[in-house]
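The listed protein sequences correspond, in order, to chains A and B.
Okay, so the first sequence: first residue is 463 according to my numbering, each after it adds one.
Okay, so the second sequence: first residue is 310 according to my numbering, each after it adds one.
Think of the CB as a built atom: it goes at the ideal place given N, C-alpha and C, for glycine as much as any other residue.
The model shown is predicted, which means the values in this text are computed figures rather than measured ones.
Each remark here refers to the structure printed beneath this line.
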Amino acid sequence: MMKKLKLFTSGIALCAASMAFANDDLIAQMDNPSQWAIQTGDYKNQRYSQLDQINAENVGDLQVAWTFSTGVLRGHEGSPLVIGDVMYVHTPFPNIVYALDLANEGKIIWKYEPKQDPDVIPVMCCDTVNRGVAYADGKIFLHQADTKVVALNAETGAVEWEAQNGDPAIGETNTATVLPIKDKVIVGISGGEFGVRGHTTAYDMNTGELVWRAYSMGPDSDILADPENTTHLGTPVGADSGTNTWEGDQWMIGGGTTWGWYSADLDENLFYYGTGNPSTWNPAQRPGDNRWSMTVMARDIDTGMAKWFYQMTPHDEWDYDGVNEMILSEQEIDGEERKLLTHFDRNGLAYTMDRVSGELLVAEKYDPVVNWTTGVDMDPNSETYGRPAVVAQYSTAQNGEDVNTTGICPAALGTKDQQPAAYSPKTEMFYVPTNHVCMDYEPFRVSYTAGQPYVGATLSMYPAPDSHGGMGNFIAWDNINGEIKWSIPEKFSVWSGALATAGDIVFYGTLEGHLKAVHADTGEELYRFKTPSGIIGNVMTYESDGRQYVGILSGVGGWAGIGLAAGLTNPNDGLGAVGGYAALSDYTALGGQLTVFALPN
Amino acid sequence: MKTTHCILALCLAGGFAAPAMAEKAVDPAIYEVAESEDGRYYTEDGTPTFSITEDGTVDWLTFSGFRRYHAECHVCHGPDGEGSTYAPAVKNSAIDLGYDGFFDVVVNGRENGNSVMPHFGENRNVMCYLDDIYVYLKARGLDAVPRGRPAKKEAKSDVIREDEDACMG
């Protein structure tokens, strides 16, 4: 008896040791500022680098150090990784991965090109982008367009395991990166415009075996919610919370896909992400709050069990997916140091929450033109606590099917889409790439066919009226007071992920193709360089041989490449007003290139 | 039945001012209305076409085509059939392919390397509105309607409504 018990416990100890090892390795890689070991900069998604060789004083001298063509001419989202002397570069479909030797002028060490059925291409909404690979435990993780998750040997590119996460035949595809954490790889799914029921899944990092899956809607056993212990704004969600705000079986094709960025707090053993729009875009076909679409989720890393939810946009009427990143920070609020989560939602509101309890602390508009809501009810004793007050004029649900609701701000692509913001602990400010676009939206009845688009609304978009005429802003945000500190108007939506550094600078890219550096305190422009194509990728930085580099992928595309390629028109200008606004195609053409910058030697 | 509406149809055709047609040498037979029936318009050879009156009022199918296009097609082909960074301007395809060719590509799809048009043959949201989308894109390709949402439209006829209900199930 004694002996058996001893064996049993030592087995656990071994198991825990190997888990800790994989995780500690990645944490050490991320903590080394000379590397860029994860797409999001770190588990907190801060996209902040301690490197300061390039700083506000000298960034104006920046030069192109080297370039690399990816060989693919589609929208390039995400960024390369740097681990040691190796850079890992990914491409959009067909999802090639290159390992480049930084110690040998970027020589290609290995190249991996998966074979994927091209039938997946048209099932992907809005271009065949991919937001990059992840690294952990000597492996590179790629989540392909066709939803196959592949672990590659980081040294050789050899396939170590593969797992099929979804089924493109029913519209399930992937555009996102993965979250490697502890002994797991956590992945999401796309397909909200195809009636997919969203899910988040953990695979064993060493074997590729499925460990758990949490759906966004459905029975408690599917959504991994505990009626007593999972809370929504401090209140238990109760039984059947994933079905009781839906009519009939609509939840089975309910959307709530999970294609955004994921963050994590290892001390709390929680990870965070948001769910997308409910399907269809026609709200009349899905009465109810449609839980848990449009929701911030905090789940246990090991079990997937939900600790808390917060539904930002109950019964969506505008396609305001809630998938944007959750940025974690430790800041003082009302005199108390708290663990915070800050989220810039598509719906135009920036939320500051307590990430441990799920308490809502701040919810304010981060673009003054946002008009569909007058704001969120912040009174915990109110019946409508936590709900946004919807303005009837802009409610596509209240106006009904076959009615064109006009002048809604923001447009469906949101005040911000997936393009991630950065946070500087030095300035305690968030640097946010935004859209400044409004829309008309007309919902109508659609029927569901598996694997076919399931949209049910027509919309037209145009630059925010009565503003600077551009379609974007790059802003600095104070998440404690809920205020914009400064705002830079941009001709086009800013579709590039930002980078903040200890050198008091913030980098971002523009759709025309500029890499820009601005002062972290004031937003003053310090540097710009026009790369070969429009930028929808994320800025990253690393150090090699004592020199700091800044890298960015160019390659216009994504939602921005579709909506803006031919320019937008403003229906309020009346009939015949064509080309009143700049077309992106006047500024840039397709591309696929990495540009790496450094100071002169 | 169709011939009885001929005179009315010709009047409507005369109202179409053919804006911006100069750049393209297009045979008027591919768009000119020769017949109409229950709110639908046809060319001399019976191909569906658009009808636009002098004050800009479009026929129901053109308006409906605008709506359906911007639900089913624009996520790849861009607003108003103008094309995107990775899919062609289908406002031209409706002209270049002709009705049968357009029909064939939408129903069966086609593939050219990494450029893939899916098949919509089983999708009622497309198939029940194929004529609508075709006449809308033909009107766009000829610049007979401007970009954006048509401001004025004919009412939906009872026959179109009944056909739609029967098709959508």
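Examine chain B for any beta-carbon lying closer than 8 Å to the beta-carbon of residue i, and answer yes or no.
| i | result |
| --- | --- |
| asparagine 866 of chain A | yes |
| glycine 710 of chain A | no |
| alanine 919 of chain A | yes |
| proline 927 of chain A | no |
| glutamate 655 of chain A | yes |
| isoleucine 1024 of chain A | yes |
Is the CB of residue i under 8 Å away from at least one CB in chain A?
| i | result |
| --- | --- |
| asparagine 432 of chain B | yes |
| proline 397 of chain B | no |
| valine 384 of chain B | yes |
| alanine 327 of chain B | Note that alanine 327 of chain B has pLDDT 39, beneath the 50 cutoff, so the model's placement of it is unreliable and the number below is only indicative. For alanine 327 of chain B, the answer is no, since every Cβ of chain A falls outside 8 Å of its Cβ. |
| glycine 324 of chain B | Any reading at glycine 324 of chain B is ruled out, since the residue's pLDDT is 34, under 50, leaving its predicted position unreliable. |
Note down, in chain order, every chain A residue with its Cβ under 9 Å from the Cβ of residue i.
| i | result |
| --- | --- |
| asparagine 423 of chain B | Val534, Arg536, Phe555, Pro556, Pro580, Ile583, Thr590 |
Run down chain A in chain order and give the residues with a C-beta less than 8 Å from the C-beta of residue i.
| i | result |
| --- | --- |
| glycine 478 of chain B | Ser909 |
| phenylalanine 429 of chain B | Gln914 |
| glutamate 381 of chain B | Pro915, Val917 |
Go ahead and pull the three-state DSSP assignment for residue i.
| i | result |
| --- | --- |
| cysteine 900 of chain A | strand |
| glycine 657 of chain A | coil |
| tryptophan 261 of chain B | The requested residue 261 of chain B does not occur in the structure, where chain B is confined to residues 310 to 478. |
| aspartate 487 of chain A | helix |
| glycine 1008 of chain A | coil |
| threonine 375 of chain B | Reading off the sequence, residue 375 of chain B comes out as phenylalanine, not threonine. In the structure shown, phenylalanine 375 of chain B sits in a helix (DSSP, three-state: H, G or I). |
| glutamate 471 of chain B | helix |
| threonine 1064 of chain A | What is shown of chain A runs 463 to 1063, which leaves residue 1064 of chain A out entirely. |
| serine 949 of chain A | strand |
| glutamine 880 of chain A | coil |
| arginine 449 of chain B | helix |
| serine 360 of chain B | coil |
| glutamate 799 of chain A | strand |
| glutamate 792 of chain A | strand |
Residue i versus chain A: which residues are under 7 Å apart at the beta carbon?
| i | result |
| --- | --- |
| glutamate 420 of chain B | Pro580 |
Nearest by alpha-carbon distance to residue i: which of the options is it?
| i | options | result |
| --- | --- | --- |
| proline 405 of chain A | A:His930, A:Val894, A:Thr993, A:Thr532 | Since the first and last residues shown for chain A are 463 and 1063, residue 405 of chain A lies out of range. |
| leucine 446 of chain B | B:Phe375, B:Arg470, B:Cys437 | B:Phe375 |
| asparagine 941 of chain A | A:Gly913, A:Asp816, A:Tyr510 | A:Asp816 |
| aspartate 983 of chain A | A:Arg990, A:Thr993, A:Val968, A:Lys992 | A:Val968 |
| threonine 720 of chain A | A:Val853, A:Pro905, A:Leu641 | A:Leu641 |
| lysine 577 of chain A | A:Val548, A:Gly540, A:Glu624 | A:Glu624 |
| glycine 633 of chain A | A:Thr911, A:Leu543, A:Asn1063 | A:Thr911 |
| aspartate 504 of chain A | A:Ser886, A:Ser844, A:Thr896 | A:Ser886 |
| tyrosine 395 of chain B | A:Thr532, A:Asn517, A:Ser531, A:Met586 | A:Met586 |
| threonine 836 of chain A | A:Asp829, A:Ala851, A:Leu823 | A:Ala851 |
| isoleucine 500 of chain A | A:Ala726, A:Phe892, A:Gln855 | A:Ala726 |
| valine 521 of chain A | A:Pro554, A:Cys900, A:Ile998, A:Phe991 | A:Phe991 |
| proline 495 of chain A | A:Ala1045, A:Leu686, A:Ser995, A:Thr963 | A:Thr963 |
| glycine 848 of chain A | A:Ala825, A:Pro830, A:Glu863 | A:Ala825 |
| phenylalanine 806 of chain A | A:Thr896, A:Val658, A:Gly971 | A:Thr896 |
| aspartate 486 of chain A | A:Gly600, A:Ala919, A:Gly944 | A:Gly600 |
| aspartate 841 of chain A | A:Met767, A:Phe733, A:Asp764, A:Gly696 | A:Gly696 |
| glycine 546 of chain A | A:Met714, A:Arg536, A:Ala561, A:Gly594 | A:Ala561 |
| aspartate 367 of chain B | B:Val342, B:Pro397, B:Cys476 | The identity of residue 367 of chain B in the sequence shown is valine, whereas the question assumes aspartate. Of the candidates B:Val342, B:Pro397, B:Cys476, the one whose C-alpha sits nearest the C-alpha of valine 367 of chain B is B:Val342. |
Run down chain B in chain order and give the residues with a C-beta less than 8 Å from the C-beta of residue i.
| i | result |
| --- | --- |
| aspartate 902 of chain A | Arg458 |
| serine 922 of chain A | His379, Pro388, Gly457, Arg458 |
| glycine 766 of chain A | Going along chain B, no residue has its Cβ under 8 Å from glycine 766 of chain A, so there is no contact; the nearest lies around 31 Å. |
Mind listing the chain B neighbours of residue i? Cutoff is C-beta to C-beta under 9 Å, in chain order.
| i | result |
| --- | --- |
| glutamine 1052 of chain A | Just to set this straight, residue 1052 of chain A is leucine in the shown sequence, not glutamine. Here the neighbours are Thr394, Tyr395. |
| phenylalanine 906 of chain A | Arg376, Arg377, Ala380 |
So which residues of chain B does residue i contact, with C-beta pairs closer than 7 Å?
| i | result |
| --- | --- |
| glycine 1019 of chain A | Thr394, Tyr395 |
Is residue i near the ligand NAP, going by C-beta to nearest heavy atom under 7 Å?
| i | result |
| --- | --- |
| valine 1012 of chain A | This structure simply doesn't include the ligand NAP, nor any ligand for that matter. |
- [ ] List in chain order: all unbroken beta strand (DSSP E) runs of 3+ residues lying wholly within the stretch 593–681 of chain A.
- [x] 596–598, 601–605, 610–615, 621–626, 641–643, 646–649, 661–666, 672–677
Task: Those runs of the beta strand (DSSP E) which lie wholly inside the stretch 685–755 of chain A and span at least 3 residues - done: 725–727, 732–736
Task: Completely contained alpha helix (DSSP H) runs for the stretch 394–440 of chain B, where each covers 4 or more residues - done: 399–417, 433–436
Task: Whole runs of the beta strand (DSSP E) within the stretch 506–554 of chain A, excluding any shorter than 3 residues - done: 525–531, 543–545, 548–552
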